[in-house]
Each structure stands twice: as C-alpha cells, then as structure tokens.
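Undergrad:
Chains as they are written, first to last, in the working numbering: chain A, 1 to 353; chain B, 1 to 353; chain C, 1 to 353.
The structure is reproduced here in structure tokens:
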C-alpha cells in the first residue's frame, strides 16, 4: 500500500547528473561561499535536502529552516548568507537561479524519435523525421509536426494544425482544428485547443449555433496547463502572444488575445473577445467578462471578477474577506441593506468634533 | 515560428462556397441595400472583412468601425444602414442572421462513413452504417450509435450508451455509462458524461461510496463544451432537456435537471439534485448549491452564488465590484464590521432634516 | 429521439441481484418493521420506488413524499417510521445504510482480466495477471499495475507510475509521471495526476520554467473526480492521505498535502504548497491561496476564498448574498464607499439612548 509518508520513487535513478558547487557557481554566475569541490547530485527543499543536494531560500516564510540546513549548498540572497550553516550560492534572485540549477539535474527521458506503430497518421500530414509521435496518437489531414516536436501518448492533432519545432504535447492533448503552435510550446494533458467558441443566437425561441471559423495561434515558449481550454475564434483567431504561461483548468473564450509574458493561474475564466495585456498576473479563479480590455502590467487577485476594462496598471481585487460563518452571516445580511444604511448616514449631520 | 500577428491558415481553401448578395438576401429574408450580383466567398469581422466577405454589426461596441467597412456587405439593423459605406443586408436580429449566413460558408469536412480500422468496437454494440467512428475510439458493450452520428478520434463510448441520429462527439469525448443522447447533440473534446456523482456517506469515521446507479439523458440539439462534466444520477437520471447549451469546464452534478433552451457559460458549477428552469442564462463561473430550484427565465450574472431557490424570473447577482487593491482592502476590512456599524446606525436618531 | 421524461435503460437487466427485507435487515443491522419475506430487486428514490424497490429518507426536504411511498421498504430514522405506509428499515444513519444496501444491487460489470490487444504496454512495465488493461490504453516504462486493478479504455499510465491493488482508472485517465496510487483508489475520466506544477521564475523579462521533479502520492481509498488535476510536486511530492474524496474539475497545485477523510466538492482550487487538514469539507468552487495551512475539521462554504491559514476548526465563509440585480447594484456601489461610511459613523456620537 501507499504510505503517504514515504516519498515517490526517484524518477530516474540511473540518469542522475552531477556537478560540483564550483561548476554551478561558474555556469550560472553565482557567488560561492564554501568548498567548490563539493559534488551535488540533485536538488531538494531546504527542509529535506541532505548532503549532495542543493536547496534554495527565496520565500521568507521558509527562512526559519535555514539554521537547520543539511544541504550541500543553499542558493540564497546575500543578506541570508551569514545564517547559512552550509555552503552558500549567493544570487540576486534565488528562485530563478534555482530554476536553472535544478534543470541541470532534471534528467527527463527523451521521447524516442519517429512514429509509434500504434499511432494513426493521415497520409496528407507531415511529421518531421526528428519529431516523436507517441502511442495511440491521431494526426489528421494536412497537420504539420515540426522538428524535434513531441506528441505524447493519446494526443489528437486535428486537421490543418501546426505544431512548431521543439513543442511538447505531454499526453492526451487535443488540438481540434486550425491550431497553430509556435516553437517550444508545452501543453499538458487533457488540454483542448481549438474547440468551437460558445457562439449562439436566439431565433424563434431556439438557439442557433454561430459557426466558429477562426483558429488558435499560440506564440513561442507558451505553456498551457492540464485540462485547460482555449477556444478557436469565431472569425479571427484566438491569440496567445509569446511566453504566455497558463495553469490548469483555465477557460479562454473565442477571440481572446493574451499579451506576451502574462501568467494565468488555475481555474481563471476569460470570456470571448476580451484582451489581456502583456506582463499581467491573473490570480487563480479570477474572471473576465467578454469584450473588455485589460492593459499591460495588471495584477488581479484570486477569485476577483473583472467586469470593465482596466486602463491603468496596478493590482485589483473584489470579494469579501473570509470569516467565521456565524459572523459572516450577520455581515452578509447587512450587505443587502447597505444602500439603505448609506442613505441614512447621508441624512445625518456631518462631523461633530 | 508562429507570428501571432499572422492569421492561422484558411481551414479549407479548396472547399470555399460562394453566394451572391441577392441569393443571401432571398434565402434568409433580408433586405438588401446594394448590388445583388456581388459575389461573397466568406465571412469576416467588420474590422477585417475585405471585398468578397460578409461582415455584421450587432454589438454597439463595434459601431465605430462601420464607416471604415470594406466588406462586400454588412448585416445590420435598419437604423445603422445609413452609416454603412458598402452594401447592407438589413436584419431585425443581425447576429442570428449572420449565424445563418456564416453557415453557408462553413465548409467543414465531412467525416468519412464507417468504422476506422484502429477503433475497438464491442461485438454487442450497434453502429449504424451511415455513422462515422474515428481513429482510436472505443465503443463498449451494447452501445448504440445512430444514423449519421460522428464519433471523433479517441472517444470512449461506454456500456449501454446511446448516441442519437446526427450527434457529433468531436474528439476524445467520454460517455461513461448509461448515457443517452437525443438527436443532433454536439459534444466537445474532453467532456465527460456519465461519471459517478459525488455521493458519500460517513460511517465509523470513513467515507463509504453511495452507489451511483442512474444515467444521463440529453435532449435533442444540446451542446456540451470542452472538458465539461455531467455526472450520472444516483438513482434517477441527470437530465438536460432539449436545446440546452453548455460551454466549457462546467460541472453538472448528479440528478440535476436543466430546462429547455437554457444557456450555461464557462466554469459554472451546479451541485446535485438542483433544478434549473427553461430559458435561463447562467453567467460564467456562477455556482448553484444542491437541492434547490431556479425557475424559468432567470439570468444570473458572472461568478454569483445561488444558495436558495429562485421563484421569480429576472436577473440576480452577488459579489462586490472590482477596485484598486489598496481601496478594496480598506473596504473589505470594514465588511467584517458591517453588522456592528449597522447596529450603531440603528441606535442613532433618524433623519434630522 | 431522447425523451427526457423517459428514464435511461436499466444498466444490467440480466444481472439484477435480489434479497429479502429480512436478509437486508440482518446483514446491515437494521430494525425491520414489516414482512421479512418481501423480496427486493433494486433501489430507487422515495418518489419513484415501486414494489420490489428499496427507498430511503435521509434529507428532511423529502419527508413530504413519505406518505405516498410505494416502495417495498423505506430506510429511515425511527422517528419517521410511524408515517411510513410500507415496510420500514430503521437506521440511525439512513443515508449510510442506504449506501450499503444499494451496493447489493449495484451489479456493475466486472472488467475482463488481462491486457486488451489494442493496448500498448512497455516491456519494462509490470501488469499483474489479475489486473485489467482496457482498449487503447498506454502503459509506459517501469509502470506497475497491481492485483485486481482496472485500467479503463484510453487511459495513459506514464513512466514510473504505480497503481495499487484494486484501483480503478475508469476511462481516459492520465497518470503523467511518478504517480503512486495506494489501494482501492478510484479515478474518474479525464483526471490528470502528475502534470507539472505551475512553477515559474522571471529572468530578464521572460519566464523560465522551474523544473518539477516531485511526484504525486495518493493514499488508500481515495477518489478523484472527472477532469480533476493534481499536479506533481516541484521537489517533494504532492500528497493525498487516505480516504480523501475529490469531486470533478478540482485543481490541486504542486506540493499540496490533503489530510485523511477530507472531502472536496467540484471546481475547488488549491494553490501550491498549501496544506489542508483531515476531515475538512471544502465547498464547491472555494479557493485556497498558496503556502497556507487549514487545520483539521474545517468546513468552508461554497465559493469562499481562503487567503490566510485557518487554525481553529469550524465553518468559514466569504462573499455576499444573492439579490435581484437592481438591488445588488445599489448595494455593491456602496461597498466601494464602505470605509468612508465607517469613518463618518465613527465620528458621530455614540449611542444616545
């Protein structure tokens, strides 16, 4: 049985990379305070890292763990180095430094080149010889799979879709129709790109479907999370500019355009034809009604609802704070009287001091 | 590489339909103001449409684009016709007229009839000879696929499921068990119909699963969005009446019943045994607790939470408006004192005027 | 066509079990008031159950249906027995008693043992001879499928994943990498376990991906709903302790830990590194920011947002009540003035009584 206290087995015990602290410092421009010959074989959390593993300290929440560190080295800011009982790799931004160091030890298996015999590839599709098409994938008419791209098990690439060089569809991804991915796009399992947008018109008391004829265009270096949906445009395309990062279970409606370097947390929903600027941070579960614009550099906190265009950068919120249910009930009931209360206050004399 | 500024390639360059403006006007009962012999070969947005393309103006947000229209014709209301620099097709409801015109040019490929050799079909299943079962589909025991139905690549049709005439499971759809689709139902990729409802009972400190024995019944002309989930009933069925339209990533719990012609936007969640009336519009991200009833003709705005039955048609909302985070923080903190504030006001003398 | 008024066809008409009321009473320790020789062949709702079917009454909302019961017997509390016009099976907790009785009649088909010829199984994977691997599944390198486990159609089990004895992956489930399931875990279609967590660091104006190297560990008897996502940890594992029950479309971020016997309703989202205690009940659509702790025994009502750690058991809420939109608009506008109103009140003289 699974004992949740025991960690999962190491991913690739045979493939572990090694590097000395001196090599890591030189390669990533970090200042080493400690023995450059110490060998590191992996990364771990500050709390769990043992000899041979590199840890990091970025979030101040975890600073209290530093005095007990047993890691080979800790990547941290200069001001934390004095409290570090082991070797330190000093970085201006410890988290991004750690990301690069960790990649050294990420010995992910390389998918085998070629088309798995169980995959179904339409004769009119083009699969680059250096690409990998996994088991039980389906590649439809006129689809194009670029050099080095990986199409993971069970994925469906629909008609007229293009997958750029170095893309990875991890597993069971669906590109429905007219989806065009740039280079180095990574899409996680269950994601659906290019499904019909939700376009309906009422006629004689019944809905008629508005044909969805556009596509989806995804820029270089984007990442799309598991079970996220990005609908095809009604007429024009739905567009993700480069380096857009989207978490799991996010809904992106038809004809939405998302600016470069924007990051979108899980369960966000963006309704049709809305434009999100560049370098925005959309908090988990936040919502965006249709046909509005959010300018560059906007942060929206979790579960906030954006009902109008935002034209100034900054941080925005809606909602009420969490309370004990019995307290919340009393306050929530008063919310329904708020306008009435405000009118009563307005009728009272002003400051009496 | 993908340049997000360049539109995706045309879906079916070889299959483009054509029609004259005169033909379109006659076929759809529109008043033509312009040259009836002009040939249209497609549709596009008002902003992008060029010669040969038909555009439309329905949302007043886009009226400012009308003077610059370069389309072959614009479908619009009579009151906008005077400002239209090109031919006009006058409609009472330009959006539904456009939906019908666009369908003329929607030259979607017809899925080939028959069962793809890579599909796995149980000997006890029935697939109509006019139906299409795509690559890598699995059709289980006693399933029934009706005339003209399309089962897209990678779909799973479970035991005892019925797919009516003219239905389309776009790709990678799962019908788990005892799901029965009417005619012309369209289901988008990743949707799961007929998974077990969330039925749990606590016994001696552990959960025991309440068997989920019902099915899902979906009426004619319904549409179900990508990665949406509709659970099977615990005992009776979960029911969608005819012409219910559901967007992506929506959760419909067990034994929910949704009335005809209701439209449900993305990321809505409806808990078990709740009934939603006919002709309702459920805004994106709105939530519905279990065991309540929402009457016919109700509109709920985005991200509102419905905790009690609604017995009067109309529009309903909850939540607070978006603000700058620093302003929101101050107001949100006061929300926690709201009952106390109200009590203080109540103790003060009334209007002194 | 599907007439939504007609129930779906019975799942397994040939496999119906039977039991007398006397047998059911004895087996489950219930007090029978009525004829022990009456034969039951199934279960149904109180409203629909006819002769031969066992119904139950647990939720007081349905007590009004009791006088019209036509069931073979009704499982109910002692205090309701007097109003029961048919045989009664008296239980302290009618719902859990019903769950056990219903299981008697849940004649779900047993998946056939062995590996379906259309499945693709890596030579280094181990599949127990008593397990079932369905059509079009993909089992990757070094995966391990335990005794009696069922891998439903179209599922993908990635490298180094372990599926414990008696687990069921219903259909089209994805275990991406380093996912380890205990015993008797049930996972519904479309669920994705082990996708990369959302780990990003900003460097020189672009995002760099933080390698996600951990796994997912799921304890015995857990259940994971359709299209739910549970990300793998960044360094340590993401952990579900035993008997955690998760509904559909839920997002569980990397390195989250969820305590035993906690139940999570649909569309909940839990951000990375947050810990949820044991025996918590997380209402539908509720949200949890990252790096916080929720203690044991906490209930959070639907669509509430938890932004800080909770250290005391109890029920918590946020949000505002549903109102008519015209009333809500007035009150919501005042929310933006709430701090100002409170300041004005504070400047006024206190209680004048």
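Virtual Cβ for every residue (Gly too), placed ideally from N, Cα, C.
For residue 184 of chain B and chain A, any beta-carbon pair shorter than 7 Å?
TA: It does not: the Cβ of residue 184 of chain B has no partner Cβ on chain A nearer than 7 Å.
Undergrad: Can you list, in chain order, the residues of the stretch 329-348 of chain C whose Cβ is nearer than 8 Å to any Cβ on chain B?
TA: Those residues of the stretch 329-348 of chain C that come within reach of chain B (Cβ to Cβ, closer than 8 Å) are 329, 332, 333, 335, 336, 337, 338, 339, 341, 342, 345 and 348.
Undergrad: Buried or exposed for residue 322 of chain C, going by 16 or more other Cβ atoms inside 10 Å?
TA: buried
Undergrad: Assuming contact is defined by CB atoms lying nearer than 7 Å, are residue 156 of chain A and residue 145 of chain A in contact in what I supplied?
TA: No. Outside cutoff.
Undergrad: Counting contacts by CB-CB distance shorter than 7 Å, is residue 317 of chain A in contact with chain C?
TA: no
Undergrad: Any C-beta of chain C sitting closer than 7 Å to the C-beta of residue 54 of chain B?
TA: no
Undergrad: Taking any Cβ of chain B, which residues in the stretch 92-122 of chain C have a Cβ under 8 Å from it, in chain order?
TA: 93, 95, 96, 98, 99, 100, 102, 103, 105, 106, 109, 116 and 118
Undergrad: Taking 7 Å as the CB-CB cut-off, is residue 166 of chain B touching chain C?
TA: By this cut-off, residue 166 of chain B is not an interface position.
Undergrad: Let me know if residue 319 of chain C comes out buried or exposed under the rule of 16 or more other beta-carbons within 10 Å of its beta-carbon.
TA: Per the 10 Å Cβ criterion, buried.
Undergrad: Using 8 Å for Cβ pairs, my map puts residue 76 of chain C next to residue 90 of chain C. What's the rounded Cβ distance?
TA: Right, the Cβ-Cβ distance comes to about 7 Å (below 8 Å), so this counts as a contact.
Undergrad: Starting from the C-beta of residue 28 of chain C, find all residues in its chain whose C-beta is less than 7 Å away, skip the five residues before and the five after it, and write them out in chain order.
TA: 97, 100 and 101
Undergrad: Does the separation of the CB atoms of residue 287 of chain B and residue 302 of chain C fall below 7 Å?
TA: yes
Undergrad: Indicate whether residue 94 of chain C and residue 58 of chain C have their beta-carbon atoms separated by less than 7 Å.
TA: Cβ distance < 7 Å, so residue 94 of chain C and residue 58 of chain C count as in contact.
Undergrad: Tell me whether residue 330 of chain A sits in a helix, a strand or coil according to DSSP, three-state version.
TA: In the three-state scheme derived from DSSP, where H, G and I count as helix and E and B as strand, residue 330 of chain A is classed as helix.
Undergrad: Three-state secondary structure (DSSP) at residue 293 of chain C?
TA: strand
Undergrad: For residue 321 of chain A, return the contacting residues in chain B, with the cut-off set at a CB-CB distance below 8 Å.
TA: 332, 333, 335 and 336
Undergrad: Go through its chain and collect everything with a Cβ distance to residue 425 of chain A's Cβ below 7 Å, but skip five positions before and after it.
TA: Only positions 1 to 353 of chain A appear in the structure, and residue 425 of chain A is not among them; the question remains open.
Undergrad: Whether or not the stretch 67-75 of chain C and the stretch 33-44 of chain C are in contact is what I'm after, with contact meaning three or more pairs of Cβ atoms, one per stretch, closer than 8 Å; do they touch?
TA: yes
Undergrad: For residue 259 of chain A, which residues in chain C fall below 7 Å Cβ to Cβ?
TA: Scanning chain C for C-beta atoms nearer than 7 Å to the C-beta of residue 259 of chain A yields nothing, as the closest lies near 13 Å away.
Undergrad: Quick check: what's the CA-CA separation for residue 253 of chain A versus residue 192 of chain A?
TA: 12 Å
Undergrad: Would you kindly report the start and end of the unbroken beta strand (DSSP E) that includes residue 317 of chain C?
TA: 314-317
Undergrad: Between the alpha carbons of residue 231 of chain A and residue 200 of chain A, how many angstroms are there, rounded?
TA: Spanning the two alpha carbons is a distance of roughly 14 Å.
Undergrad: Going by DSSP, what residue range makes up the alpha helix (DSSP H) through residue 96 of chain B?
TA: 94-104
Undergrad: Could you give the distance in angstroms between the alpha-carbon of residue 314 of chain A and the alpha-carbon of residue 327 of chain B?
TA: Roughly 12 Å between the two C-alpha positions.
Undergrad: Based on the DSSP secondary-structure assignment, which residues constitute the bridge partners of residue 210 of chain A?
TA: Residue 210 of chain A is not bridged to any residue.
Undergrad: With a cut-off of 7 Å, does the C-beta of residue 45 of chain A fall near any C-beta of chain C?
TA: yes
Undergrad: If you drop the 5 nearest sequence neighbours on each side, which residues of the same chain put their C-beta closer than 8 Å to that of residue 46 of chain C?
TA: Result list for residue 46 of chain C: 55, 56, 57, 62, 65, 66, 69, 71 and 74, in chain order.
Undergrad: Using CA coordinates, which residue listed in C/88, C/153, C/79 and C/78 is at the minimum distance from residue 53 of chain C?
TA: With distances taken between Cα atoms, residue 53 of chain C lies closest to C/88.
Undergrad: Give me the subset of the stretch 122-155 of chain B whose CB atoms are less than 9 Å from a CB atom of chain A, sorted by chain position.
TA: Answer set for the stretch 122-155 of chain B: 134, 135, 136, 152, 153 and 154.
Undergrad: Which of the three DSSP states, helix, strand or coil, is assigned to residue 249 of chain A?
TA: coil
Undergrad: Given this structure, state the Cα-to-Cα distance separating residue 272 of chain C from residue 255 of chain C, to the nearest angstrom.
TA: 6 Å
Undergrad: Leaving out five residues before and five after residue 266 of chain B in sequence, what residues of the same chain have Cβ atoms less than 6 Å from its Cβ?
TA: Excluding residues within five positions, the ones whose Cβ falls inside 6 Å are 247, 248, 249 and 284.
Undergrad: Buried or exposed: residue 2 of chain B, going by 16 or more other Cβ atoms within 10 Å of its Cβ?
TA: At residue 2 of chain B the pLDDT is 42, less than 50, meaning the model places this residue with poor confidence; the figure from the coordinates comes in the next sentence. With 16 or more Cβ atoms within 10 Å of its Cβ, residue 2 of chain B is classed as buried.
Undergrad: Here's a check: name, in chain order, each residue in its chain whose Cβ is nearer than 6 Å to the Cβ of residue 49 of chain C, leaving out the five neighbours to either side.
TA: By the criterion of a C-beta distance shorter than 6 Å, residue 49 of chain C is surrounded in its chain by 55 and 71, once the five residues flanking it on both sides are discounted.
Undergrad: Please tell me whether residue 103 of chain A and residue 122 of chain A are closer than 7 Å, where the distance is taken between their beta carbons.
TA: no
Undergrad: Taking 8 Å as the threshold, find out whether the stretch 210-221 of chain A comes into contact with the stretch 165-182 of chain A through three or more Cβ pairs.
TA: yes
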